[in-house]
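Protein sequences, first through last, are from chains E and V.
The first sequence begins at 1 in our numbering and counts up one residue at a time.
The second sequence begins at 1001 in our numbering and counts up one residue at a time.
Okay, so here's the structure we're looking at.
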Amino acid sequence: MLADLLEPAIVISVLAAALRIATPILLAALGEVVAERAGVYNMGLEGTMLIGAFVAYFVTFQTGLASAGLLAAAASGALVSLLFAFMVVTLQVEQIVTGLAINLLGAGLSTYALRAAFADAATVPAIGFMPSLPLPWLAGLPVLGPILFEQKLLTYLALLAVPAVAWFLFRTRMGLELRCIGENPKALDTKGLSVPARQYGALLFGGVMAGLGGAFLSVGSAARFVPDMTNGRGWLALVIVIAGAWRPWRILAAALAFSLLDALQLQIQGVGLKLPFQLLLALPYICAILAMILLRPRAGVPAMLGVAYRREDVA
Amino acid sequence: MRRVWGFLLGLAFAVAGLAAGAQAETPTKLKIAGVLSAGKDAPWEASFIASMNRVIAAKPHGLAIEVNYTENVYENAEQVFRTYAETGEYDIVFGDTAYADAIEAVKDEFPETMFVMSGSGNRGLGGNAYWVFLHAHEPAYAMGMLAGQLTKSNVIGAVSTFPAEDTNDQINAFFAGAKEVNPAIKKKITYIQSWYDPAKSNEATTAQIAAGADQIFEMSGAFEVCQQEKIGCYGNYVDTAPYAPDAIVASTIVNWDPHINWIIDQWWQVKTAGGEFNAPMEAKWFTWQEGAGDLVINPTYPVPAEALKVVEEASAKIQSGAKPVELNLEEATSD
């Protein structure tokens, strides 16, 4: 049985599945790390992803274009994050409470919109299955080809976003400023640079990424929308950011570790290895918790994470 | 004289009152609350609502039936059952899944209200708490015979939500049917541990295809991979062919009609003949012949005529009782 699991075709299938499973979580987590580096804790990822998932599905259904669906999902994520930013940056409402409210809003609004759009709930139409995008030449490579280069657009985007976000946060002036807000916003403020504007920007990016993450679930892997289809992936993205110690490359590693275990447990069940599958299902989550416990002491938590910045009155 | 008139008038009122009272003994209206475990779009719920609509249209006992639904009821079930019962408007509060705990907590406070729970995860409570069970193992057996004949790799899969008695019965029967026509088959079973997560369900399907499966019983409602990979897939609860017309070979559907009618009959009995609700402690279920389920073969799927004939003959025998299908509630495991 174990030998079955090590067959090349199976190994390739597991690794390719791991990348697909990681995609929505990675997209949301990479957006979230930028927001958290800027000192804002956006717990509303789950709700933002749900809205993105619905909008992507609905727009793709209406226009017949998956690309339009993806753009609309990104825009809807931006819109939700704008609301969130207005609440926590401008009005300085408690960030965690606002995040939870966004989640409730996302779950309610997406289900409501689904019902409003399709009166007969039992016959919600499926949209076309978003095809894979094999990269020329690269997809032909043995082993690596089917794993890495026969994925969908959003998977490539998620993987490319890792170096892009890392470069942005650690190699650009804007990234430095954002990180500075997370550590010591006053320093930036005294230089005459706007803290709220940068936090708005960081949250907007986070919203776009969460919206795209949601879109991957509906348009990218299910070809339809069902209520609550994110099934906790927004929460998982928050955990991945912590497990990844607020660093993009480590976030990639954490997301892949989780998704690999998830893909493996699905394959182990499929191969028929005699292991209690409940344990296998819990394994990725146990590992995520362990990673948080073990990495926590060395983690680079932004000092001002979750603390609203109030400019002291100048006398 | 005035006294006589007064007496007559009083008598007339009394007679009229009695007549009105007698009329109230034969109900003309029935108000049902449908408590759904998921959204109306989930196949289980969709089949419940479709059956309820057929029963409403059929007007059993001449009753004008009105139904209101509450969706996504799980952790808050007791509150939902209590709220419906407290209004005093609802004659039957019909839950479509495991609500035994919630019903046990409220049933004695509202002895005039009839409560219903469905499927596995329940226990007999008696009194005004009725228990129905939908077993679609008979059509699932016939469907398995289809899969057993169509497989080329001799590997057949099933992707399900959670192991439970009302999914185990179908999985076991499906594989038993496949084994009858093709003893060489191997079975693969994956649980995704979620009621509705199409993305995960699709990954589980991909994993089974990698493990060699070419016929898969999709019990967690995702068919996109089947469509894409052009393998034969099988659905349940509702006709799933519209979701993936090129991939769905057949679906076992469940009909709640006999269960709902049985519940209404029990209610009618108590309301017209008097007495108290006295629900049996065992779950009430119905056979394929009694209309509890059916096998719907996708007319556009190219099933060889010979294979079709085998399945049709077996289906007729199962329905007539000549070919009994074992009701096996054990958790199925992969070979």
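Using N, Cα and C, we set each Cβ at its ideal position, and we do this for glycine too.
Integer-rounded CB distance, given that residue j should sit under 8 Å from residue i
i: V:A1211; j: E:V11; result: In fact, because the Cβ distance is near 12 Å, the residues do not count as touching under 8 Å.
i: E:R20; j: E:P302; result: At roughly 31 Å, the Cβ-Cβ gap does not stay under 8 Å, so E:R20 and E:P302 are not in contact.
i: E:V162; j: E:L30; result: 7 Å
i: V:T1240; j: V:A1140; result: Contact flag wrong, Cβ pair sits at about 14 Å.
i: E:A263; j: E:A17; result: 4 Å
i: E:L114; j: E:G47; result: Not quite, the Cβ-Cβ distance comes to about 15 Å (not below 8 Å), so this is no contact.
i: E:S292; j: E:A243; result: In the sequence as presented, Ser is not what sits at residue 292 of chain E; that position holds Met. 5 Å between Cβ atoms; contact.
i: E:M229; j: E:A223; result: So it is not a contact: roughly 11 Å between Cβ atoms.
Residue-level contact to chain V via CB, residue i, 8 Å cutoff
i: E:L266; result: yes
i: E:G192; result: no
i: E:A133; result: Contrary to the premise, residue 133 of chain E reads as Leu rather than Ala in this sequence. Chain V contact via Cβ: absent.
i: E:Q269; result: yes
i: E:L281; result: yes
i: E:S339; result: Because chain E spans 1 through 315 in this model, residue 339 of chain E falls outside it and cannot be assessed.
i: E:F129; result: yes
i: E:I10; result: yes
i: E:L212; result: no
i: E:L6; result: no
Unbroken alpha helix (DSSP H) run spanning residue i, endpoints
i: V:W1044; result: 1043-1058
i: V:M1114; result: First-last for V:M1114: 1114-1118, but that is the beta strand (DSSP E), not the alpha helix (DSSP H).
i: V:Q1228; result: 1224-1229
i: V:Y1234; result: First-last for V:Y1234: 1232-1237, but that is the beta strand (DSSP E), not the alpha helix (DSSP H).
i: V:W1268; result: 1257-1273
i: V:Q1208; result: 1198-1210
i: V:E1104; result: 1100-1106
i: E:L104; result: 95-117
i: E:E183; result: 173-183
i: V:S1160; result: Premise fails: V:S1160 lies in the beta strand (DSSP E), 1155-1160, not in any alpha helix (DSSP H).
i: E:V34; result: 8-37
Neighbour flag for residue i against chain E, beta carbons, 8 Å
i: V:N1236; result: no
i: V:S1334; result: yes
i: V:Q1208; result: yes
i: V:T1070; result: no
i: V:Q1193; result: yes
i: V:E1330; result: no
i: V:K1179; result: no
i: V:N1202; result: yes
i: V:E1276; result: no
i: V:K1029; result: no
Nearest-angstrom Cα separation, counted from residue j out to residue i
i: E:F118; j: E:K152; result: 28 Å
i: E:T172; j: V:K1230; result: 48 Å
i: E:A257; j: V:M1143; result: 39 Å
i: V:I1263; j: V:V1116; result: 8 Å
i: V:T1097; j: V:D1166; result: 10 Å
i: V:L1295; j: E:G128; result: 27 Å
i: V:V1155; j: V:Y1196; result: 25 Å
i: V:Y1074; j: V:S1037; result: 6 Å
i: V:E1078; j: V:E1109; result: 12 Å
i: V:I1032; j: E:P136; result: 60 Å
i: E:I90; j: E:I181; result: The sequence given here places Thr at residue 90 of chain E; Ile does not occur at that position. So the alpha carbons of these two residues sit roughly 15 Å apart.
i: E:F86; j: V:A1158; result: 48 Å
i: V:V1181; j: V:G1148; result: 6 Å
i: E:Q95; j: E:C287; result: 27 Å
i: E:V32; j: V:G1293; result: The sequence shown places Glu at residue 32 of chain E, rather than the Val named in the question. Roughly 48 Å separates the two Cα atoms.
i: E:S81; j: V:L1063; result: 52 Å
i: V:E1071; j: V:V1093; result: 13 Å
i: V:V1238; j: E:S132; result: 29 Å
i: E:S76; j: E:I51; result: 7 Å
i: V:A1019; j: V:E1282; result: Because the pLDDT at V:A1019 is just 48, under 50, the model does not fix this residue reliably, and the point stays unresolved.
i: V:A1222; j: V:P1111; result: 42 Å
i: E:A273; j: E:D4; result: With the sequence shown as reference, residue 273 of chain E is identified as Leu, and Ala is not the correct amino acid for it. Going by the C-alpha atoms only, they are around 9 Å apart.
i: E:L203; j: V:A1046; result: 39 Å
i: E:Y285; j: V:E1330; result: 28 Å
i: V:A1129; j: E:L217; result: 40 Å
i: E:L71; j: V:N1236; result: 35 Å
Segment limits, beta strand (DSSP E) that includes residue i
i: V:V1067; result: 1064-1070
i: V:I1253; result: 1248-1254
i: E:V241; result: Segment 233-243 is the alpha helix (DSSP H) holding E:V241; no beta strand (DSSP E) there.
i: E:T48; result: Careful: E:T48 lies outside any beta strand (DSSP E), inside the alpha helix (DSSP H) at 45-63.
Chain-ordered chain B contacts of residue i [CB-CB under 7 Å]
i: E:V124; result: Judged by its chain identifiers, the structure shown contains no chain B, and its protein chains are E and V.
> Mind listing which residues of the segment 34-57 of chain E have their C-beta closer than 7 Å to chain V's C-betas, in chain order?
Replying inline: none
> If contact means a Cβ-Cβ distance below 8 Å, which residues of the segment 1151-1175 of chain V contact chain E?
Replying inline: G1157
>> Any C-beta of chain V within less than 9 Å: which residues of the segment 12-23 of chain E qualify?
In response: I12, S13, V14, A16, A17, R20, I21
> Can you list, in chain order, the residues of the segment 226-243 of chain E whose Cβ is nearer than 8 Å to any Cβ on chain V?
Replying inline: V226, P227, D228, M229, N231
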